[in-house]
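Engineer:
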Amino acid sequence: MTDENRFLGEAIELARANIGKGGRPFGAVLVRDGAVVATAVNEIHVTNDPTSHAEMNAIRAASHKLGSPDLKGSAVYASGHPCPMCMAAMRLAGVEKVFYAYSNDDGAPFGLSTATIYEDLAKPFAEQSMAIRYVPVRPEGKADLYAEWTGSKRAPGGRA
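Adding 4 to a residue's 1-based position in the sequence shown gives its number in my numbering.
1) Could you spell out the range, first to last residue, of the beta strand (DSSP E) harbouring S78?
2) Less than 7 Å between C-beta atoms, sequence neighbours within five positions excluded: which residues of the same chain meet that for A15?
3) Assign H49 to one of two classes, buried (16 or more other C-beta atoms within 10 Å of its C-beta) or exposed (fewer than that).
4) Let me check one thing: in DSSP terms, what residues is V50 bridge-paired to?
5) For a quick check, are the C-beta atoms of K101 and A79 less than 8 Å apart?
6) Check for me: the beta strand (DSSP E) holding A130 runs from which residue to which?
7) Does the pairing of the region 86-93 with the region 35-50 give three or more beta-carbon distances under 8 Å?
8) By Cβ distance below 6 Å, which residues in the same chain neighbour V99 in space, the five residues on each side in sequence not counted?
9) Nearest by alpha-carbon distance to E123: which of T6, S133 and A39 is it?
10) In terms of DSSP beta bridges, what is L34 paired with?
11) Counting only the same chain and skipping the five closest in sequence on each side, list residues whose C-beta sits under 7 Å from that of L12.
12) Quick one, are the C-beta atoms of M94 and I63 less than 8 Å apart?
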């Protein structure tokens, strides 16, 4: 059995267990150097937090465990196709590989596809379904926000 099959199998079993607890069918396993660093499931049903996706929770748990927001060298194995939020978070964290067992096409008949969100995000801001505007507010008498940050003691990990 390949590592991909083994870790995806673990993600699927996490998702199955989550169904049994009233949750959505999503599980994630974050691996670095062949070892599991963190596992997680979708917890929206418990937290009422729309960002409580399995991949996001695995990133949070791994970052906490490792004491760093830098997850370079890691891979995420997800039961389902990661949504754009999770994909962006994985990129920001430095995750280098993502594997998933169920596609957006697999999930679509069950209302579990994020394909339309991907499609909307590919459009220019002016054409997206959510209003997005740049409004350059600079309070008088205050230092530039980014310049102030650069001049302060920066936390490890930079922006993320």
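The beta carbon of each residue, even a glycine, is placed where N, CA and C say it ideally should be.
Structural biologist: Let me lay it out:
1) Per DSSP, the continuous beta strand (DSSP E) segment holding S78 begins and ends at S78 to G84.
2) Scanning its chain for C-beta atoms nearer than 7 Å, with the 5 sequence neighbours on each side dropped, one finds around A15 the residues G31, A32, V33, Y81, A82, S83 and A105, in chain order.
3) exposed
4) V50 is not bridged to any residue.
5) yes
6) Here A130 belongs to no beta strand (DSSP E), and DSSP marks it neither H nor E.
7) Counting C-beta pairs with one atom in each stretch, the region 86-93 and the region 35-50 have fewer than three that are closer than 8 Å, which means they do not touch.
8) L75, S78 and V80
9) Considering only T6, S133 and A39, the residue with the shortest C-alpha distance to E123 is S133.
10) A42 and V80
11) Y81, F103 and A105
12) yes
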